[in-house]
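So the sequence shown is residues 40 to 143, counted in my numbering.
Cβ atoms here follow ideal geometry from the backbone N, Cα and C, with glycine treated the same way.
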Amino acid sequence: MILYTCMPLDRVMEGWENGPGPLLEIEQAGMTMLLSPVSPGVGRLVRLVSAPLDAYLNPGYSPGSLIYFANREGRGESGAAQWSENAREMANGRAEVPLWDTNR
Numbered sequence: 040m041i042l043y044t045c046m047p048l049d050r051v052m053e054g055w056e057n058g059p060g061p062l063l064e065i066e067q068a069g070m071t072m073l074l075s076p077v078s079p080g081v082g083r084l085v086r087l088v089s090a091p092l093d094a095y096l097n098p099g100y101s102p103g104s105l106i107y108f109a110n111r112e113g114r115g116e117s118g119a120a121q122w123s124e125n126a127r128e129m130a131n132g133r134a135e136v137p138l139w140d141t142n143r
């Protein structure tokens, strides 16, 4: 690879040796996914490891999508499907209601 830049090489390669952060391998809805943790129970999709063929065409599972893999109590993955629509709306900035009810 050849890199042409006017910036100093030290600045361009800053942080290169650290690599990506820790990745989580989550199994949900018959798929195995690699997620980069964002917050407890939420991860940004890095890649699908094993999934049905139609899942690769689903824009909801494109790299960079937010995946909710814990329910409201923070246990298991049963709440993920319930919150997936809100997750898409929040990621696109169109959410009208909070993802979790803070009054409970």
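Legend entry - Sequence ranges, alpha helix (DSSP H) only - wholly within the segment 55-122, length at least 4: List check, alpha helix (DSSP H) in window: nothing returned.
Inset, instruction - For L48, name the three-state secondary structure that DSSP assigns. - result: Residue 48 sits at position 9 when you count from the first residue of the sequence shown. Correct three-state label for L48: helix.
Inset, instruction - In angstroms with no decimal places, state the Cα-to-Cα distance between M52 and M40. - result: Taking the first residue of the sequence shown as position 1, residue 52 is located at position 13. Taking the first residue of the sequence shown as position 1, residue 40 is located at position 1. When rounded, the distance between both Cα atoms is 14 Å.
Inset, instruction - Flag this pair as yes or no: are the beta carbons of L73 and E64 separated by less than 8 Å? - result: In the sequence shown, residue 73 corresponds to position 34, counting from 1. In the sequence shown, residue 64 corresponds to position 25, counting from 1. Yes. Within cutoff.
Inset, instruction - Just the C-alpha distance for D93 and R83, rounded to the nearest angstrom, thanks. - result: Taking the first residue of the sequence shown as position 1, residue 93 is located at position 54. Taking the first residue of the sequence shown as position 1, residue 83 is located at position 44. Taking the straight line from one Cα to the other gives about 20 Å.
Legend entry - Assumed close pair L96, V81 - CB separation to whole angstroms, cut-off 8 Å: By one-based count along the sequence shown, residue 96 stands at place 57. By one-based count along the sequence shown, residue 81 stands at place 42. Incorrect: roughly 24 Å between the Cβ atoms, too far for contact.
Legend entry - Neighbourhood of V85 by C-beta distance below 7 Å, restricted to the same chain and skipping five residues each side: By 1-based counting over the sequence shown, the position of residue 85 is 46. The residues are L62, L73, L74, S75 and P102.
Legend entry - Which listed residue (P91, S78 and P59) has its alpha carbon closest to that of F108: Taking the first residue of the sequence shown as 1, we reach residue 108 at position 69. Residue S78 is the option with its Cα nearest to F108.
Inset, instruction - Express the C-alpha separation of Y100 and E56 in angstroms, rounding to a whole number. - result: For the purposes of this step, residue 56 is taken as the residue at position 17 of the sequence shown. For the purposes of this step, residue 100 is taken as the residue at position 61 of the sequence shown. Their Cα atoms are separated by approximately 29 Å.
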